[in-house]
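**Student:**
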Amino acid sequence: MRARTPVALAAITVALGCGGGGSSTGTTHTLTSLGLTSSSPNAYQFGPVTTLTATAKDQNGDAFNPGGAPTFSDPSGKVTFQGNNVQVVTPSGNSKVTASWTAQGTTVTSDTVTLSLDVAPSNASVVATSGSSFNPITVDIKSGGTVSWSGLQTLGSGSLPHNVRFINATPFNGDARNGAPGSEDAANGTFGSAGTYDYYCENHGFAGPPVSGMSGHVVVH
Ligand SMILES: [Cu+2]
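Numbering (numbering that gives the first Met the number 0), first residue to last: 0 to 220.
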């Protein structure tokens with residue numbers, strides 16, 4: 000009588016592992032390897048969420064559920080994990096992520112998946128709109144990158160044009176302001192140091208702090 004309990008448990012395990020396929024009676028799936036993929040080669044602190052998928056495989060290379068769940072790790076500590084989602088801690092360089100899965104008294108580890116964390120673009124563009132806003136309100140660039148504004152002569156509320164005036168940076172050849180509103184349709188600013196730089200339109204925004212109305216932010220990584 001005592002021997003029946005483990006036999007019964009083994010039968011249940013096989014049934015679960017085979018996903019109800021039914022044709023594999025008598026076959027035991029042995030946790031043998033672990034596949035790992037990511038939804039994107041890039042992990043952004045400020046952009047799309049990157050998710051990881053770990054797939055347990057048996058001795059035949061077939062996916063199955065051995066019970067339990069995978070755990071993810073990054074020795075560099077540049078990312079952390081919330082479930083399957085990658086959370087970027089240090090947005091530079093690469094993260095080398097592995098997954099491991101412990102089940103059936105065995106631990107298997109996946110190959111490494113490399114995520115690029117250094118994903119802020121060098122350049123960004125912002126459009127000043129007839130609705131008296133900057134679009135997008137916030138742009139992210141690498142240190143040393145350039146932001147280009149256009150549409151500054153587009154008329155906004157009160158039929159007034161726009162300009163760009165920073166409250167804590169001087170990107171326009173040493174000037175915090177690209178010119179009087181409407182004096183030029185486009186402007187380019189270069190940012191050499193990491194930080195968040197706030198700006199506003201002198202016709203439609205306010206210096207604050209914080210900046211408000213027609214205003215925007217440049218985040219330099
Ligand atoms: Cu404006």
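Every residue, glycine too, gets a C-beta built ideally from N, C-alpha and C.
Who are the near neighbours of SER147 in its chain, counting only those whose CB is closer than 6 Å to its CB and skipping five residues on each side?
**Tutor:** Here the question's residue 147 lines up with position 148 in the sequence shown. Hits under 6 Å: SER124, ASN187.
**Student:** Tell me the start and end of each unbroken alpha helix (DSSP H) in the region 38 to 116 that is at least 4 residues and wholly inside, in chain order.
**Tutor:** Entirely contained in the region 38 to 116, not one alpha helix (DSSP H) run reaches 4 residues.
**Student:** Beta carbon of ALA206: closer than 8 Å to some heavy atom of ligand 1?
**Tutor:** Walking along the sequence shown from the start, residue 206 turns up at place 207. It does not: the Cβ of ALA206 is nowhere closer than 8 Å to a heavy atom of ligand 1.
**Student:** If I'm right that ASN134 touches THR128 with Cβ under 8 Å, what's the distance once you round it to whole angstroms?
**Tutor:** Here residue 134 corresponds to residue number 135 of the sequence shown, with the count starting at 1. Here residue 128 corresponds to residue number 129 of the sequence shown, with the count starting at 1. That belief holds up - the Cβ atoms of ASN134 and THR128 are roughly 6 Å apart, short of 8 Å.
**Student:** Have a look at GLY16 and ASN167 and give me their C-alpha separation to the nearest angstrom.
**Tutor:** Reading the sequence shown from its first residue, position 17 is the one you call residue 16. Reading the sequence shown from its first residue, position 168 is the one you call residue 167. Because GLY16 sits at a pLDDT of 39, beneath the cut-off of 50, its placement in the model cannot be relied upon, and the point is left open.
**Student:** Do you know whose CA, among GLY212, GLY181, HIS28, lies nearest GLY136's CA?
**Tutor:** To locate residue 136, count along the sequence shown from 1; it is residue 137. Note that residue 136 is Ile in the sequence shown here, rather than Gly. Ranking the options by Cα distance to ILE136, first place goes to GLY212.
**Student:** What residue range is occupied by the uninterrupted beta strand (DSSP E) comprising GLU183?
**Tutor:** Counting from one through the sequence shown, the residue named residue 183 turns up at place 184. Segment: none, GLU183 is in no beta strand (DSSP E) and carries neither H nor E.
**Student:** Check whether the Cβ of ASN122 lies closer than 8 Å to any heavy atom of ligand 1, and answer yes or no.
**Tutor:** Against the sequence shown, residue 122 aligns to sequence position 123. Every heavy atom of ligand 1 is 8 Å or more from the Cβ of ASN122, so no.
**Student:** Would you say the beta carbon of PRO74 is closer than 8 Å to some non-hydrogen atom of ligand 1?
**Tutor:** Within the sequence shown, numbered from 1, the residue matching residue 74 stands at position 75. Every heavy atom of ligand 1 is 8 Å or more from the Cβ of PRO74, so no.
**Student:** Can you find a heavy atom of ligand 1 that lies under 8 Å from the Cβ of GLY215?
**Tutor:** Reading the sequence shown from its first residue, position 216 is the one you call residue 215. The answer is no for GLY215.
**Student:** At a cut of 8 Å, does the region 91 to 109 reach the region 176 to 184 through at least three beta carbon pairs?
**Tutor:** No, the region 91 to 109 is not in contact with the region 176 to 184.
**Student:** Heavy atom of ligand 1 less than 8 Å from the Cβ of ASN134, yes or no?
**Tutor:** Working through the sequence shown from its first residue, we reach residue 134 at position 135. No, since every heavy atom of ligand 1 falls outside the 8 Å radius drawn around the Cβ of ASN134.
**Student:** Please report the residue range of the beta strand (DSSP E) in which GLY140 lies.
**Tutor:** Sequence index remark: in the sequence shown, residue 140 carries index 141 (1-based). Correcting the residue identity first, residue 140 is Ile in this sequence and not Gly. 137 to 140 is the extent of the beta strand (DSSP E) around ILE140.
**Student:** Only counting the same chain, and skipping five residues up and downstream in sequence, which positions put a Cβ closer than 6 Å to that of THR89?
**Tutor:** Looking up residue 89 in the sequence shown gives position 90. Once the five neighbours on either side are set aside, the close Cβ partners of THR89 are LYS77.
**Student:** DSSP three-state label for GLY191, please.
**Tutor:** Position 192 of the sequence shown, counting from 1, holds the residue named residue 191. Three-state result, GLY191: coil.
**Student:** For VAL217, which residues does DSSP report across the bridge?
**Tutor:** Residue mapping note: residue 217 aligns to position 218 of the sequence shown, counting from 1. VAL138, TYR196, per the DSSP bridge assignment.
**Student:** Go ahead and pull the three-state DSSP assignment for GLY157.
**Tutor:** Numbered from its first residue, the sequence shown carries residue 157 at position 158. Helix, per DSSP.
**Student:** Please work out which residues of its chain come closer than 8 Å, Cβ to Cβ, to VAL96, disregarding the five sequence neighbours upstream and downstream, and give them in chain order.
**Tutor:** Position 97 of the sequence shown, counted from the start, is the residue given in the question as residue 96. If we look at VAL96 and ignore the five residues flanking it on each side, its Cβ neighbours are LEU35, SER37, LEU51, PHE71, SER72, ASP73, VAL78, VAL85, THR111, VAL112, THR113, LEU114.
**Student:** Once you ignore the five residues that flank LEU33 on each side, which residues in its own chain have a CB closer than 8 Å to its CB?
**Tutor:** As a first step, residue 33 must be located in the sequence shown, where it is residue number 34. Closer than 8 Å at Cβ, skipping near neighbours: ALA53, THR54, ALA55, LYS56, PRO69, ALA98, SER99, TRP100, VAL107, THR108, SER109.
**Student:** Mapping the DSSP letters down to three states, classify SER132 as helix, strand or coil.
**Tutor:** Stepping through the sequence shown from its first residue, residue 132 is reached at position 133. SER132 falls in the coil class under three-state DSSP.
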